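In the working numbering, the protein residues as written are 6 to 191.
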Amino acid sequence: MYPAERPRLRQARALWALLPIAVTAGLYWFGRAHSPDYTSGLFGQYGDDANRLKAQLGSALEGLALVQVALALWMYRRLPGAGAAPRPVRTVHRAVGLAAFLLSLPIAYHCITAYGVELSDSRVAVHSVTGCVLYGAFAAKVIVVRHRRLPGWALPVAGAFLVCAITLTWYSAALWFLDGHHAPGL
Ligand code: HEM
6 MYPAERPRLR QARALWALLP IAVTAGLYWF GRAHSPDYTS GLFGQYGDDA
56 NRLKAQLGSA LEGLALVQVA LALWMYRRLP GAGAAPRPVR TVHRAVGLAA
106 FLLSLPIAYH CITAYGVELS DSRVAVHSVT GCVLYGAFAA KVIVVRHRRL
156 PGWALPVAGA FLVCAITLTW YSAALWFLDG HHAPGL
């Protein structure tokens, strides 16, 4: 590598590191700035029906996130009794990750257009903020997967952070809705 390339490489890395923060901040800004449209629908459902559908789709998303954890543990040889993961496990992990991302989009789109980012009570604030962080975490995960020169712990840390963001977003709204407007601790 030429000496002049080093600072440029560092700058490029810093730009990549800023992307997840920019995604999170951009969503937060949009959610605070735009006027909520409470009449906004989701696949032909409105109001409480739309929220029920979001709670069901959100639970499917949480299920996919847990599948991803199991597949990741298998790839890292941490799945008890499973041995080494065959090569297709990696492909399945990528496909399930893409499916989870696509599934999240209509849900989040409805949330952010119908309500935006609300900070009115602690549960709704946790949900709104983790909803924005979730997409920053998605961006971080993809960046870490693509940058092979990062330390070995970066990928599991990024994956765990993403799963935590999905779980908290699900817990604070989807589980709350399906459990009769009840989420212990929030
Ligand atoms: C940009 C990301 C997101 C933002 C800013 C956001 C924000 C919001 C807000 C403000 C509400 C209304 C809360 C209320 O007033 O009761 C809401 C409702 C809801 N959200 Fe999200 N959300 C996001 C992503 C998601 C995702 C990924 C899921 C699925 C896990 C989800 C599931 C739900 C459900 C089921 C409801 C209805 C229950 C409720 O009213 O809390 N949201 N969201």
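Idealized CB from N, CA, C, for every residue including glycine.
Just so it is clear, the structure is predicted and the values come from calculations on it, not from any experiment.
- At least one heavy atom of the ligand HEM sits closer than 7 Å to the Cβ of residue 133.
- At a cut-off of 4 residues, the continuous stretches assigned as alpha helix (DSSP H) that sit fully inside the stretch 96 to 159 are 127 to 151.
- The residue from 18, 137, 190 and 182 with its alpha-carbon nearest to that of residue 31 is 137.
- By the beta-carbon neighbour count (other beta carbons within 10 angstroms, threshold 16), residue 34 is exposed.
- Taking every protein chain shown into account, the CB of residue 120 has 16 or more other CB atoms within 10 angstroms, so this residue is buried.
- Only residues of its own chain outside the window of five on either side were considered, and among them 98, 161 and 164 have a CB closer than 8 Å to the CB of residue 77, listed in chain order.
- Each of 93, 184, 188 and 169 was checked against the Cα of residue 71, and the nearest Cα belongs to 169.
- Assigned with DSSP and collapsed to three states, residue 69 falls in helix.
- Apart from sequence neighbours up to five positions away, the residues of its chain that approach residue 180 with a beta-carbon distance below 7 Å are 188, ordered along the chain.
- Between residue 153 and residue 109, the alpha-carbon positions lie close to 27 Å from each other.
- When distances are taken from the beta-carbon of residue 160 to the heavy atoms of the ligand HEM, even the shortest one reaches 7 Å or more.
- A heavy atom of the ligand HEM is found nearer than 7 Å to the CB of residue 120.
- Secondary structure at residue 84: coil, using DSSP grouped into helix, strand and coil.
- Inclusion of residue 129 in the 7 Å shell around the ligand HEM follows from its C-beta lying nearer than that to a non-hydrogen atom of the ligand.
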